[in-house]
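Take a look at the structure below.
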Amino acid sequence: MNSLAKDSTAAAKRTGLLSNQIIINGGKPLRGRINVRGAKNLATKAMVAALLADTPSVLKDVPAISDVRVVTGMLEAYGVTVTETGDGELTLDPGNVLKAHFAKIDALAGSSRIPILFCGPLLHRLGEALIPDLGGCRIGDRPIDFHLDALRAFGAVVDKSYEGIRLTAPDGLHGADIDLPYPSVGATEQVLLTAVLARGVTELKGAAIEPEIMDLIAILQKMGAIINVEPDRVIFIEGVEKLSGYNHRALFDRNEAASWASAALATGGDIFVEGAKQQELMTFLNIFRKVGGAFDIAEDGIRFWHPGGILKPVVIETDVHPGFMTDWQQPLIVALTQAEGRSVVHETVYENRLGFTSALIEMGANIDVFEEGLESISRRVPRRPLEQAAVIIGPTPLHGADVEIPDLRGGFSHLIAALTAEGQSTVSNIGIIARGYEHFTDKLQSLGADFVYEG
Ligand code: EPZ
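In this note's numbering, the protein residues as written are 27 to 481.
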């Protein structure tokens with residue numbers, strides 16, 4: 027079994043999926059109502075933040091996804107007691123933080139990127155941190171140089187050992203001036219989680235300002251932190267002596283909401299996404315409307331549907347917030363295979379996030395991927411060639427195929443493509459989807475999808 031299949035099987039087990047493969051009979055519109063809970067990309071970080079406190083935290087709307095299980099396991103390995111105190115509610119008690127056995131964290135760290143964010147909190151609590159090889163989606167190199175440079179600026183000493191990366195802070199951590207070469211989401215979170223308890227003031231320039239980061243800042247403020255978000259991606263953090271636990275309802279998962287919206291459009295369906303909110307989805311909603319999708323914003327969610335008629339092509343360039351998110355392009359591309367004309371999707375954040383299109387091509391889509399990207403658009407992340415463009419010409423009917431899921435968002439796109447396609451598809455490695463989509467097979471069932479578990 028290759029490592030992707032292993033990760034997928036483990037994620038399927040963690041989330042109670044009945045198997046790692048399904049057979050879909052596509053060609054039927056998805057219709058109905060589903061709900062989205064807290065964002066994977068906030069809830070997992072909020073859980074790490076609980077390590078910084080001296081009293082328990084309560085996090086609400088935590089999704090039942092594999093990445094949450096992995097972070098739970100990591101926290102437990104460090105002595106944090108994680109208790110389910112309600113439906114989607116976790117109480118995290120950091121009263122007894124201790125060094126973890128390497129084998130325990132090594133077994134978990136390979137499944138996610140989140141462990142890198144343990145560095146600052148562990149340095150504060152234990153004076154050292156050990157980060158084994160990281161996992162997460164295989165969507166490019168995904169280096170951690172911004173993280174390590176920032177930690178060094180706080181006074182951490184970074185050593186590479188055979189087990190991974192070992193960090194120590196012989197003189198404690200102090201405030202720092204940090205200028206990120208790119209508004210990295212993870213590196214911004216790293217700085218926030220470290221600076222809040224560091225001695226003195228930290229000035230972070232070039233910060234990411236995604237809604238999930240703003241929600242993390244709100245959590246840290248509840249805990250007692252002093253954080254000022256200034257214009258032009260500058261954040262000031264005044265270190266404090268101690269932080270207490272928080273009580274917080276996680277921001278909804280806008281990536282999941284956008285995925286279901288795209289599923290409604292691609293399959294010619296109509297889905298009410300309970301829990302979705304307009305503010306954090308504005309850029310997505312504009313593109314959805316331009317393509318020809320309809321939406322209606324209600325107090326408790328957003329209804330997305332295909333109003334009939336012809337879908338229109340668009341040109342999209344992925345970007346940091348408030349631009350069009352890299353996580354939204356994959357599901358939308360499936361809908362674009364049904365638009366009349368030529369669409370262009372330029373991926374500028376990751377270097378390997380269009381690989382999933384090969385399965386769509388096998389299903390009948392007309393997509394060309396240009397490895398070098400398009401000359402007219404500049405590189406976003408310094409030093410590395412990060413661009414790729416997909417040109418999609420539609421409409422093309424899709425037909426069933428056997429597809430193996432490569433990563434989280436690409437995998438959800440494969441699901442949508444199989445549901446849009448006429449005929450039967452076998453979709454394997456669906457456990458990868460369970461990393462970030464809660465109860466997705468139950469939701470598919472309630473939307474009228476025709477599928478059976480296999481194996
Ligand atoms: C977060 O990844 C999300 N993951 C990603 O979601 C999301 O696509 C991404 O932000 C962008 O919004 C989580 O929150 C767990 P970055 P992150 O640091 O923090 C390069 C999903 O499907 N870079 O903003 O890892 C990096 O390689 C996922 O939910 C460096 O070069 O993203 C990438 O090209 C996948 N050095 C770019 O920056 C570094 O030290 C953006 O990465 C760090 C990043």
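Think of the CB as a built atom: it goes at the ideal place given N, C-alpha and C, for glycine as much as any other residue.
Using the Cα positions of residue i and residue j, report the straight-line distance between them to the nearest angstrom.
{"i": "Leu116", "j": "Ala126", "result": "21 angstroms"}
{"i": "Gly226", "j": "Leu358", "result": "45 angstroms"}
{"i": "Arg368", "j": "Glu267", "result": "57 angstroms"}
{"i": "Val84", "j": "Ala65", "result": "16 angstroms"}
{"i": "Ala38", "j": "Leu44", "result": "8 angstroms"}
{"i": "Glu373", "j": "Pro237", "result": "20 angstroms"}
{"i": "Leu257", "j": "Asp279", "result": "With the sequence shown as reference, residue 257 is identified as Pro, and Leu is not the correct amino acid for it. Spanning the two alpha carbons is a distance of roughly 25 angstroms."}
{"i": "Ala443", "j": "Val360", "result": "6 angstroms"}
{"i": "Ser29", "j": "Thr35", "result": "10 angstroms"}
{"i": "His425", "j": "Ala292", "result": "13 angstroms"}
{"i": "Gln304", "j": "Ala320", "result": "14 angstroms"}
{"i": "Gly250", "j": "Ser270", "result": "7 angstroms"}
{"i": "Ile297", "j": "Pro158", "result": "41 angstroms"}
{"i": "Pro207", "j": "Asp433", "result": "26 angstroms"}
{"i": "Thr446", "j": "Ile243", "result": "39 angstroms"}
{"i": "Leu218", "j": "Gly462", "result": "23 angstroms"}
{"i": "Glu300", "j": "Asn312", "result": "19 angstroms"}
{"i": "Ala283", "j": "Phe262", "result": "32 angstroms"}
{"i": "Glu366", "j": "Glu343", "result": "19 angstroms"}
{"i": "Phe172", "j": "Ala213", "result": "6 angstroms"}
{"i": "Val183", "j": "Leu174", "result": "9 angstroms"}
{"i": "Ser472", "j": "Arg59", "result": "8 angstroms"}
{"i": "Ile393", "j": "Ile252", "result": "48 angstroms"}
{"i": "Gly112", "j": "Gly381", "result": "39 angstroms"}
{"i": "Ala475", "j": "Thr467", "result": "9 angstroms"}
{"i": "His465", "j": "Ile131", "result": "26 angstroms"}
{"i": "Ile456", "j": "Gly265", "result": "43 angstroms"}
{"i": "Gly42", "j": "Gly114", "result": "16 angstroms"}
{"i": "Ile245", "j": "Ala202", "result": "22 angstroms"}
{"i": "Ala420", "j": "Ser210", "result": "Reading the sequence as shown, one finds Gly at residue 420 and not Ala. Near 34 angstroms, if we compare the C-alpha coordinates of Ser210 and Gly420."}
{"i": "Val417", "j": "Arg435", "result": "19 angstroms"}
{"i": "Val482", "j": "Val371", "result": "Past the edges of the chain, shown from 27 to 481, lies residue 482, and the structure says nothing about it."}
{"i": "Arg139", "j": "Glu189", "result": "17 angstroms"}
{"i": "Val478", "j": "Gln450", "result": "11 angstroms"}
{"i": "Gln354", "j": "Thr194", "result": "Note on residue identity: the sequence assigns Trp, not Gln, to residue 354. If you take the alpha carbons of Trp354 and Thr194, they lie about 38 angstroms apart."}
{"i": "Val260", "j": "Lys231", "result": "5 angstroms"}
{"i": "Cys145", "j": "Lys186", "result": "14 angstroms"}
{"i": "Val453", "j": "Met389", "result": "12 angstroms"}
{"i": "Gly181", "j": "Pro196", "result": "8 angstroms"}
Who pairs with residue i in a beta bridge, going by DSSP?
{"i": "Arg151", "result": "Bridge partners of Arg151: none, in fact."}
{"i": "Ala365", "result": "Leu337"}
{"i": "Asp476", "result": "Asn51"}
{"i": "Lys231", "result": "Asp205"}
{"i": "Leu156", "result": "Arg192"}
{"i": "Asn312", "result": "Answer by DSSP bridge pairing: none, since Asn312 is not bridged."}
{"i": "Trp331", "result": "Asp296 and Ala320"}
{"i": "Ser484", "result": "No answer is possible for residue 484: the residues shown for the chain start at 27 and end at 481."}
{"i": "Glu373", "result": "Gln414"}
{"i": "Val395", "result": "Ala416"}
{"i": "Asp119", "result": "Thr107"}
{"i": "His465", "result": "In the DSSP output, where bridge partners are listed per residue, His465 has none listed."}
{"i": "Asn254", "result": "Phe262"}
{"i": "Thr344", "result": "Phe350"}
{"i": "His425", "result": "Glu448"}
{"i": "Glu567", "result": "Residue 567 lies beyond the residue range present for the chain, which begins at 27 and ends at 481; the question has no answer from this structure."}
**Prompt:** Are the region 93-107 and the region 313-327 touching, with three or more C-beta to C-beta distances below 8 angstroms?
**Reply:** no
**Item:** Minimum length 4: unbroken alpha helix (DSSP H) runs contained in the region 161-226
**Value:** 171-179 and 211-221
**Prompt:** Can you give, in chain order, each stretch of the beta strand (DSSP E) that sits fully within the region 262-306 and has at least 3 residues?
**Reply:** 273-275 and 296-300
**Message:** Threshold first: 4 residues or longer. Then list the alpha helix (DSSP H) segments lying entirely within the region 37-117, N to C.
**Reply:** 66-75 and 92-103
**Message:** Counting beta carbon pairs with one atom in the region 66-76 and one in the region 89-97, are three or more of them shorter than 8 angstroms?
**Reply:** yes
**Segment contact, 8 angstroms Cβ cut-off, at least three pairs: the region 423-434 with the region 384-393** = yes
**Request:** Answer yes if the region 53-60 comes into contact with the region 210-228, meaning at least three C-beta pairs across the two stretches below 8 angstroms, and no otherwise.
**Result:** no
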